[in-house]
Amino acid sequence: MERDLTERISARIIKSNSIAKISASLDNLLHRCLGAPAIRPFKLFLNGTGIGHPLHPMLTDIPIGAWTLTILLDLIGLLFGFPQLGLASSITACIGIAGALAAAAAGLADWMDVDPPEKAIGAFHASVNVSATILFLISFLMRWGSGWQLGWATFVVALAGYLLVMIGGYLGGAMVFYKGVMINRNAYRTGPDDFKPAVATCELAEGQLKRILVEEQPVVLFRLDGTIYALGAVCSHYGAPLNEGTIVDRTIECPWHASRFALEDGRVSKARPAPACLFTTARL
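Numbering (the working numbering), first residue to last: 4 to 287.
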């Protein structure tokens with residue numbers, strides 16, 4: 004069902020065979036480049052694992068803010084006769100290009116972990132933003148060639164790039180708000196305020212993950228060396244069942260995208276998502 008403009012646009016993108024081919028080729032290239040174990044720390048850096056927050060949405064503010072200044076400075080200089088603003092608008096255009104490249108790298112690292120059909124929207128979102136960056140690069144080179152002088156031609160090229168940035172931002176918003184990409188799947192999950200009966204300890208085998216429901220909330224239990232650990236059973240990244248994961252270095256590794264959550268407190272020790280819900284730990 005296509006109820007509004009955003010759903011109609013998303014449906015057209017998802018159904019496009021051309022975008023699907025581009026998406027598949029790009030996906031294969033990225034997994035060859037960033038999927039190797041030796042490169043994984045760099046991918047995790049781009050995901051924002053070290054700061055506990057996705058890096059891509061933070062970096063996108065740089066080109067949007069810088070290029071907004073470029074457009075405003077150009078308009079003021081051209082309309083009101085301030086040629087000295089040419090250098091300033093050129094500097095902001097350059098800053099925006101650098102920020103766009105950084106945002107693109109972080110966005111592609113996140114995009115690798117997205118599943119179809121949202122991957123197609125992400126690929127089109129990236130294509131639009133790359134086109135915008137190229138236009139601003141062309142505008143910057145034109146300014147350079149003219150000695151940083153203001154001109155309507157450089158402004159029009161930059162304005163075209165700015166309009167594409169707005170379209171790219173719209174598509175990025177559609178991925179998050181309509182498709183739920185890269186959101187915390189446990190944002191509205193809460194555990195009980197006190198201990199609740201869940202399962203008999205004799206039913207928990209040592210070293211085996213077990214999924215149960217506690218007050219309608221899915222919980223995964225794990226017994227190790229006399230301690231029972233309890234975490235939310237849904238991966239905060241993409242909703243994978245953590246009870247189907249594996250135990251690696253006292254963490255639960257997600258079966259879908261290899262995110263790892265510490266048994267002790269649910270913190271993320273590998274990959275990008277928000278922490279898992281912590282219920283409690285009990286030592287027998």
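Each residue gets a CB set at the ideal place from its N, CA and C atoms; glycine is no exception. Predicted, not measured: the structure shown is a model, and the values here were computed from it.
| query | result |
| --- | --- |
| Could you round the C-beta distance between Ala135 and Ile16 to whole angstroms and report it? I think they count as a contact, below 8 Å. | Their Cβ separation, rounded to whole angstroms, is 17 Å, which puts Ala135 and Ile16 out of contact at 8 Å. |
| By DSSP, does Glu247 sit in helix, in strand, or in coil? | helix |
| What three-state label does DSSP hand Ser130 in the structure shown? | helix |
| Checking 9 Å against the spacing of the C-beta atoms, do Phe139 and Pro66 come in under that value? | yes |
| Which whole runs of the alpha helix (DSSP H) in the region 59-145 are 4 residues long or more, in chain order? | 59-62, 64-83, 88-114 |
| Just how far apart, CA to CA, sit Ser142 and Thr157? | 5 Å |
| Would you kindly work out how many angstroms separate the C-alpha atoms of Ala126 and Ala96, rounded to a whole number? | 24 Å |
| Pull the bridge partners of Thr254 from the DSSP assignment, please. | Val251, Ala265 |
| Taking only three categories from DSSP, how would you classify Leu227? | strand |
| Could you round the C-beta distance between Gly80 and Leu153 to whole angstroms and report it? I think they count as a contact, below 8 Å. | 5 Å |
| Quick one: is Leu287 buried, meaning 16 or more other Cβ sit within 10 Å of its Cβ, or exposed? | Confidence is the limiting factor: at Leu287 the pLDDT is only 48, short of 50, which leaves the residue's position unreliable, though a coordinate-based value still follows. Its Cβ having fewer than 16 others within 10 Å, Leu287 is exposed. |
| According to DSSP, Arg214 sits in a beta bridge with which residue or residues? | Val223 |
| Please check the pair His128 and Leu166, which I expect to be a contact at CB under 8 Å, by giving their CB distance rounded to whole angstroms. | No, His128 and Leu166 are not in contact; Cβ-Cβ is about 15 Å, not under 8 Å. |
| In this structure, how does DSSP classify Leu1 when only helix, strand and coil are distinguished? | Examination of residue 1 is not possible in this model, given that the chain is present from 4 through 287 alone. |
| Which word fits Glu289, buried or exposed, when buried means at least 16 other C-beta atoms lie within 10 angstroms of its C-beta? | Since the first residue of the chain shown is 4 and the last is 287, residue 289 is not available in this structure. |
| Between the C-alpha atoms of Ser168 and Leu72, what's the straight-line distance to the nearest angstrom? | In the sequence as displayed, the identity of residue 168 is Val instead of Ser. Taking the straight line from one Cα to the other gives about 14 Å. |
| For the region 160-188, which segments carrying the beta strand (DSSP E) assignment without a break, of at least 3 residues, lie completely within its bounds, in sequence order? | none |
| What does the Cβ neighbour count give for His34, buried or exposed, with the cut at 16 atoms within 10 Å? | exposed |
| Spatial neighbours of Gly51 within its chain, please: CB distance less than 8 Å, with the 5 preceding and 5 following residues excluded, ordered by chain position. | Pro57, Leu58, His59, Met61, Ala109, Arg275 |
| CB Ser149 to CB Asn189, shorter than 9 Å? | no |
| Which first and last residues belong to the alpha helix (DSSP H) in which Ala14 is found? | 8-18 |
| Using DSSP bridges, identify the partner residues of Glu209. | Arg226 |
| Please report the straight-line C-alpha distance between Val133 and Ala203, rounded to a whole angstrom. | 56 Å |
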